[in-house]
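Chains as they are written, first to last, in this note's numbering: chain A, 10 to 421; chain B, 23 to 238; chain C, 20 to 266; chain D, 20 to 266; chain E, 5 to 437.
A virtual CB, placed ideally from N, CA and C, is assigned to each residue, including glycine.
No experiment lies behind these values; they were computed from the predicted model shown.
Shown next, in structure tokens, is the structure this report addresses.
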Amino acid sequence: MFQPVSFFIGLRYSRSQNRSGFVSFITFFSIAGILLGVASLITVVSVMNGFEGELKKKILGLVPHIVVSAEQEKPANMPHWQQQREKLLAYSGVKAVTPLIESEALIQSPSTLQGVLLQGIIPEYETGHIINQHMVAGELSSLDGMPYSLVMGQALAHKLNVSVGDKIRLVIPNKTVFTPMGRVPVQRTFTLTGVFNVGSQIDDAVVYIQSRAAAKLLRRKGDGISQLRLYLNDAFYAGELTPQLKQDLSGYTFTTWNESQGALFAAVSMEKNMMWLMLSLIVAVAAFNIVSALVMVVIDKQGEIGILQTLGLARGEIVKIFITQGMVNGLWGVVLGSILGVLLTLNLNTLMSVTGINIFGPGYASQLLPIQLEAWNVAVIVFSALMMSFVATLYPAYRASKTQPAEVLRNE
Amino acid sequence: HVDGHKDIGAKPVSKAYQTAVDTAPADKLKQEAEQAKLALLAKLDNIKHFSAQFSQQVFDADGNLLQNGAGNLVVGKPDLVYWQTTEPDESLIVSDGETLWFYDPFVEQATAYGLANAIANTPILLLTSQDKSIWQNYRISKVNDTTFAVHALDSNSQVKTLELNFDRDKLTGFVIVDASGQLSRFALTGSDFATAPKKEQFQFTLPPGAYLDDQR
Amino acid sequence: MNKVLVCRQLKKSYQQGQIETKVLQGLDLEVEQGELLAVVGSSGCGKSTFLHLAGALDVPSAGEVFINDVNIHKLSDKERAAFRNRHIGFIYQFHHLMMEFSALENVAMPLLIRGDNAKSARVKAKEMLTKVGLGHRCEHRPGELSGGERQRVAIARALVTEPSLILADEPTGNLDFDTAEQIFQLLKELNASVNTSFVIVTHDLGLAARMDRQLKLDHGRLLPMDSSGISAGAHNEAAGQQEVNNV
Amino acid sequence: MNKVLVCRQLKKSYQQGQIETKVLQGLDLEVEQGELLAVVGSSGCGKSTFLHLAGALDVPSAGEVFINDVNIHKLSDKERAAFRNRHIGFIYQFHHLMMEFSALENVAMPLLIRGDNAKSARVKAKEMLTKVGLGHRCEHRPGELSGGERQRVAIARALVTEPSLILADEPTGNLDFDTAEQIFQLLKELNASVNTSFVIVTHDLGLAARMDRQLKLDHGRLLPMDSSGISAGAHNEAAGQQEVNNV
Amino acid sequence: MFKPLSLFLGLRYVRSRHGNGFSSFISASSTIGIALGVMVLIVVLSAMNGFERELAQRLLSVVPHAEIIGVNEPMNNWRAQLDKVEENPRVLAAAPVIKMSGMMQKNAELKAVELRGVDANLEKRVSSIEDYIVDGHWLASGDNRVAAGSNFQDNQVVLGAGIAKKLGVNVGDTVQILLPKQALSAQQKQQQLSQSFQGLLTRNLVIAGIFKFGGTVDDSLAYVSLSQAADINQFRDNQVHGIRLKLDDVFQAPGIAREVAYQVDHYVYIYDWTRTQGHLFNDIQLVRMVMFIVLVLVIAVASFNIVSTLIMAVNEKKGDIAILKTMGAGTGVVMITFIIQGAVNGVLGSVIGALLGVYLAQNLTDIILAVEALFQVKFLSADVYFIDFLPSLLNWPDVYVTVITALVMSLLATIYPAWRATKVEPAQVLGQL
């Protein structure tokens, strides 16, 4: 407990501060400043993570991370795509590879007409697809059952005013037959056999049919598969994997998700960085408080510093005493701050509902705030706050070591 | 303006042709149209029925060849048509006088249209119909001795002009220009104007497993 | 008898704005091993300045100080600090104890600074406190001690490292008559028992008279005093000469 | 002659933790109008405490103080402050001038506090400064003045409100011999010219001897001193009795 | 200069404080902290006002404030309905609309479009889409139809630049629109019980003009003449789907729309912009509130610094306080002196912060553009945000609120230290030496 002496003295000074009147008052404020900064940083950053996570789940769960397609300009089938699929599955980080044929189409019910993205799939490869968990009626595998069956989103079904069992017409406007009656677009009547509700745009933008039916519609031989869609464990790994794939599988075009969704994520991360900047202002200003608190202590303890020097304590040791003391303040602020921050984050929603404040405005009364508390976030915040408080102790500690015993101890 | 194109007798319809007609003074124009119409009707009247093979070439608005096709057709009166396309994909159009059937074997579906509003969109049926009143939806002009042009007056109809080529009284081919400027040229070969087609020729039976999309 | 403390022509002056005050003007001194020396001077005559120079706490404008034949102002900062810890003890009018530490911890502090391990430091500190009659007050904080007791702890702290020289500045200045008397007795006993030289600075002639030797700090120099006591003169508070050169 | 300052059985003790130190133990005093009184006592004997009680800067444990027949400790805080401003001047060993203000502003300060308008305060302050011989140094800051000059400004500041009583605590304590002598002469002249009573506390017997009357503060009471000078005794530094009741 | 006394004392202490290094460093830090907080808060609030103005003026000049659409049945004699609706004082202007959603096709390219049949002249009163036309011209209205010559066909369309880009068309080209035939008139729907339904209805339109608004609107909106739309839907001349309203206060849109709906003697749906764009408005309020809290925290923590500066000053000036007390200065004078000394930091910080904040707020857009150009980076991408530049609108109440908050906080921070100053005991301070 005694060794080393400067640590021992520094600790004792920090503990005893709260008794000696105004110095404790300022120390309290400096700790409060750091605490406030750290707590609000943790909370706000976790909420921002939540939003980003939500977005990631919603989009990246559906949008394939990498699409390998045989179609250069003209649509074309991908020859023996099974082998290509095995090859792709072999890559590390690849969770699933699904074959697909895709085209724009019109879907028409007695009441309305709407443009959709038609996807011809092979159900047994799509077991991992997010839709399986969100089927409202019927199953995705129903596409293998009755020929010319179709699965669509609930929002679309609502718009077209159709339900399972009804007939809907799929029209491929840019695939036409030149008949003496002029151009007749290829069209076929399908039966609705399944409805899903994922809660994102695909609910009213994408319809699924068996790949063979799609091949027929698009006048393609065989099962018409022309694309392989890769889903990775971590979407952000796509950037690294794509160049590798390009070398190994020449002759195909590769598109990654951030070509389509990149702008959205860039915007979210830009907002997050702005928030980091603002909040770190609090901690920075709080660090100034530590400086002033520590200076007060140095002035208060001048007598003792003088006498310690008479007892032979070198300047270097004196600096350590006050760094220890400053860091203890910083530590208190950071530890309490992170505890408060984590507690606040974990039950932010209950807190919000209890106090009734609804930051989303009336339209979103029930919606809960998405929260994602990341350990490394907290670590970074704690570390940077400690660093800031350490830097804040340097000046006062230096000044303490500059005390001249002769002046301090002079007392005629 | 189309080069490298097989000689199938009829002269191609040039773009220039279209504008010449408009500049003639209104009344002279109307009189010519009347004469052309009578001449065409006369020719059509003496075609009772015929059957033939056809080859088809499709050009887009800028004249690039989009697709070649072939098949055979049998026409009878009134409003009896059997049109089977074999190239590049199989499809069958049958008009039995009341309904116009369009069967696409690829997607195993037949679509039925009411003949009345189908005609407005398909001038080819003019050949077969006896109802003179439908002609007032069209303007007829005589390109030259062997070629007549039928222009649809309704700007929204799918087919803008139908050009019929004759070799004396025999129809040798025709050209369809649709709303977006695409041009389909049909040349008839092995045409037989003599033998009358059997009635069943124009009966359509839904093949098993095919779905009927009834738009009547 | 070797010399514990030797000062040669010590000079020291302060610069305040335009005014330069010369405090010490060539002070010489030799202190024997175990001697009890009194240095008398009125307030403001430079007693503290002399003490701090002797104790290597301040740097002289000129002159040298030898302690145990070591020229202390030649040492580096670090070495001087270690030297003070080994060879010099300080006692002030104000006790300057560390309020957050118990009496025992205060006395053990110089040993800790030297690097002794905690246990041995505590043992030695307890011994020293019993010697100054405060064996029973080890765990008390300075705040809970009387003026006299605090001064005893300060004395114990100065002696715990068995230094060869003690420098004391008005050690009894702040105490009432009787306590001052007890403290003075304690200092005499300790000086006799531990063979450490004491240099005590005071303006109390009565006290000075009862030590081995008395010197008077006058106009920045140390002059011998006749042992009979007070040297007559209008002001027995001789003040160091202050040359006023107002610029 | 009416009495300017009357103290009746003044008592004052401080509580530090368990220890209670009695500083004043029933002090009585009467000061005539225009009198120059010296109060002698060694440091720590409660001279400052007596002065602060007399100057209504501190509250006595018991006893009363009348200035110009007004019982000052019956007044409210605000009234006492105004009373001090009107009737009492303070002079300390350390000048306690306000370093950011010029000599003139320092002297004018009590008038400003009283609420005089700026112009008349400046005029009176200039007059006072010339009286103490510093007419030519009005715009200088204390930092640019010598020790003696600063003490003169302090004196001018104390007298500018024409108080009936001046309380001085070792006014020449910090000065060298010659300057102290000049300041003392100035005090004597002012005392004669402005009919204000002076109570000067000092441990310098020589100085005390040259005033109208001398009293000695011993064991918390004021005792008359024979005008011949030093009263014999082992310690001319009489210290107040300290009852040690260690709990 | 002397009066009143505490001001004189306080200011003199402040001026002289810059002398000794350290306490001026800390007081400077508190001034900087407050200035920073005030400046950033003003800029952020102005940016939010800017976004709100852009939303209200720019986006809502094109997106309808509110619409009342007939339920199943089209509205009859819309001109009479229009006059009745315009009697409502809160409705600035109204115009008929026939809403259709279908597909637009050019060769193989296909694009879903929101087709709005409008009266060329009346529409100008409710929407400023004409200002955003970059190529060709707005719909030729009925009366100048005669001027365009006899074969003028009412098949003109004005569409968004996004659509034009996707279909690869420009002014003068013909595009085909595909619309579901059956969906249009209610009567037909009743008859058509059977599952089968008619084929697609197609119309060929000539592009008369292209508009570029900068935002998602360009990718879906197209305008055709009211007569054309009526013809497509087989409406009689005086029948329309509904009426579009331009309101005086967009933020009261839901209320006013409901009010108007009751005036119209037709059973109608009520749509207002908050349905589709409402979330934008909420996001703005959310960011504004979070930013306000964060920056007030910054100012608060900065004023903590004032506390420590002032306590140090009190500590240094103990002597002065004591001597002032001996001269009869009351506790009031002492307290106010130190309050002033502390408050100077707050005042200085707030004033500097406000000046910088106002300057930045007024030139924010240009500054950000310059920064974007410098670093080749785009802060707001057009396909995520409804505008692609950082707007800024300084409104003075924001500035006053911010400055007053900062001043109040810095004043509060001076109370404790100033109170401690009055507690200084002259006896202890003066007696020692």
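Residue j beta carbon less than 7 Å from that of residue i
i, j, result
"Ala-223(A)", "Gly-233(A)", "yes"
"Arg-248(E)", "Pro-68(E)", "yes"
"Thr-52(A)", "Ala-302(A)", "no"
"Tyr-22(A)", "Gln-311(A)", "no"
"Ile-91(C)", "Ala-81(C)", "no"
"Leu-86(E)", "Ala-226(E)", "no"
"Leu-301(E)", "Ile-291(A)", "yes"
"His-159(D)", "Ala-122(D)", "yes"
Rounded C-alpha distance that separates residue i from residue j
i, j, result
"Gln-180(E)", "Asp-153(A)", "36 Å"
"Val-403(E)", "Leu-384(E)", "26 Å"
"Lys-176(A)", "Val-193(A)", "20 Å"
"Lys-221(B)", "Phe-215(B)", "16 Å"
"Lys-329(E)", "Glu-320(E)", "16 Å"
"Ala-132(B)", "Arg-238(A)", "34 Å"
"Leu-197(E)", "Leu-209(E)", "Low local confidence applies: a pLDDT of 39 at Leu-197(E) is under 50, so the model's placement there is unreliable, and no value is given."
"Met-107(E)", "Val-47(E)", "44 Å"
"Ser-398(A)", "Ile-38(D)", "41 Å"
"Val-362(E)", "Asn-58(A)", "33 Å"
"Pro-110(B)", "Leu-88(B)", "11 Å"
"Ile-316(A)", "Ala-323(A)", "12 Å"
"Phe-203(C)", "Tyr-111(C)", "13 Å"
Residue i classed as buried or exposed, judged by whether at least 16 other C-beta atoms fall within 10 angstroms
i, result
"Ala-212(E)", "buried"
"His-106(C)", "buried"
"Gly-325(A)", "exposed"
"Val-78(D)", "exposed"
"Arg-279(E)", "exposed"
"Trp-385(A)", "exposed"
"Asn-68(B)", "exposed"
"Lys-190(B)", "The amino acid at residue 190(B) is misidentified as Lys; the sequence shows Arg. Burial call: exposed."
"Arg-24(A)", "exposed"
"Lys-154(B)", "exposed"
query = Closer than 8 Å, Cβ to any Cβ of chain E: which residues of the segment 115-131 of chain A, in chain order?
reply = Answer in chain order: Leu-115, Gln-117, Ser-118, Pro-119, Ser-120, Thr-121, Leu-122, Gln-123, Gly-124.
Minimum length 4: unbroken alpha helix (DSSP H) runs contained in the segment 40-76 of chain D = Fully enclosed alpha helix (DSSP H) runs of 4 or longer: 66-73.
request  = Compile a chain-ordered list of the residues in the segment 217-251 of chain A whose CB is closer than 9 Å to at least one CB of chain B.
outcome  = For the segment 217-251 of chain A, which is checked against every Cβ of chain B, the residues closer than 9 Å are Ala-222, Lys-225, Leu-226, Arg-228.
message = Restricting to runs no shorter than 3 residues, where is the beta strand (DSSP E) found entirely within the segment 54-130 of chain E?
response = Whole beta strand (DSSP E) segments, 3+ residues: 70-74, 95-110, 113-122.
ask   = For the segment 30-45 of chain E, which residues have a CB atom closer than 8 Å to at least one CB atom of chain A, in sequence order?
value = The residues in question are Ile-30, Ser-33, Ser-34, Gly-37, Leu-40, Gly-41, Val-44.
message = If the cut-off is 9 Å on Cβ atoms, which residues from the segment 90-102 of chain B count as contacting chain A, listed in chain order?
response = Here the close residues are Gly-91, Leu-95.
ask   = When you check each C-beta in the segment 345-374 of chain E against every C-beta of chain A, which residues fall closer than 8 Å?
value = Here the close residues number zero.
ask   = When you check each C-beta in the segment 198-229 of chain B against every C-beta of chain A, which residues fall closer than 9 Å?
value = So the list reads Ile-198, Asp-200, Ala-201, Ser-202, Gln-204, Ser-206, Phe-208, given in the order they occur along the chain.
Where the segment 54-88 of chain B meets chain A: residues whose CB sits under 9 Å from a CB there = From the segment 54-88 of chain B, only Gln-78, Val-80, Leu-88 have a Cβ closer than 9 Å to chain A.
ask   = Mind listing which residues of the segment 184-205 of chain A have their C-beta closer than 8 Å to chain B's C-betas, in chain order?
value = Listed in chain order, the positions of the segment 184-205 of chain A with a beta carbon within less than 8 Å of a beta carbon of chain B are Val-186, Phe-187, Thr-188, Pro-189, Met-190, Gly-191, Arg-192, Val-193, Val-195, Gln-196, Arg-197, Thr-198.
ask   = Closer than 9 Å, Cβ to any Cβ of chain C: which residues of the segment 312-334 of chain A, in chain order?
value = Taken in chain order, the members of the segment 312-334 of chain A whose beta-carbon sits within less than 9 Å of a beta-carbon on chain C are Gly-312, Glu-313, Gly-315, Ile-316, Leu-317, Gln-318, Thr-319, Leu-320, Gly-321, Leu-322, Ala-323, Arg-324, Gly-325, Glu-326.
Residues of the segment 134-168 of chain C with Cβ closer than 9 Å to any Cβ of chain D, in chain order = Listed in sequence order: Gly-162, Glu-163, Leu-164, Ser-165, Gly-166, Gly-167, Glu-168.
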